[in-house]
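Q:
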Amino acid sequence: DPKTITSPMFDIEARKVKEMLKGDNKLKILYACRMTDRKQLMKMKAMAILTIYYSRQRSFMGGYLACQMIRLSCEHGHCEDTAYALSLFAFTVSNVQNDAVEACALV
74 DPKTITSPMF DIEARKVKEM LKGDNKLKIL YACRMTDRKQ LMKMKAMAIL
124 TIYYSRQRSF MGGYLACQMI RLSCEHGHCE DTAYALSLFA FTVSNVQNDA
174 VEACALV
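All the letters of the sequence shown, read from the start, carry residue numbers 74 to 180 under this note's numbering.
1. So which of Lys91, Met134, Ile143, Gln130 has the shortest CA-CA distance to Ala105?
2. Is Arg107 helix, strand or coil by DSSP?
3. Among Cys147, His149, Glu148, Gly136, which residue has its Cα nearest to the Cα of Ala163?
4. Quickly, what does DSSP pair His151 with across the bridge? List them, please.
5. Nearest to Cys140 by CA position, among Gly150, Arg88, Ser128, Ile125, is which residue?
6. Between Asn171, Ala173, Val166, Leu159, which has its C-alpha nearest Asn98's C-alpha?
7. Note down, in chain order, each residue of its chain lying with its Cβ closer than 7 Å to the Cβ of Met120, except the 5 sequence neighbours on either side.
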């Protein structure tokens, strides 16, 4: 249920991801090895599709899923959906948390 992810829950998750992406860490994700595990690639693709659905529902679930996608990329390497997750996360930080400066730093 998308209503289970509330604004405070997203804020906590976003804070953790922001910490993970501080400094050169964002570049480390993008220059790391490519994700090759098919199971992880399918998780990323499924979450990317779900973020589109949840954005239409106007819930915090899309931003939360973007956080999960970034975590998965940190653990298993990057893929084409990693860039999507980073941009969606920046968009969510800008529009939900009203932090345009931080959002610009993320992309």
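Glycine is no exception: its CB is placed at the ideal position from the N, C-alpha and C atoms.
Model, not experiment: these values are computed from the prediction.
A: Working from what's here:
1. Nearest option by C-alpha distance: Ile143.
2. DSSP places Arg107 in strand when its eight states are reduced to three.
3. Checked all of Cys147, His149, Glu148, Gly136; the closest Cα to Ala163 is Gly136.
4. In DSSP, His151 forms a bridge with Arg107.
5. Checking every option, the nearest Cα to that of Cys140 belongs to Arg88.
6. Its Cα nearest to that of Asn98, the residue Leu159 stands out among Asn171, Ala173, Val166, Leu159.
7. Closer than 7 Å at Cβ, skipping near neighbours: Leu138, Gln141, Met142.
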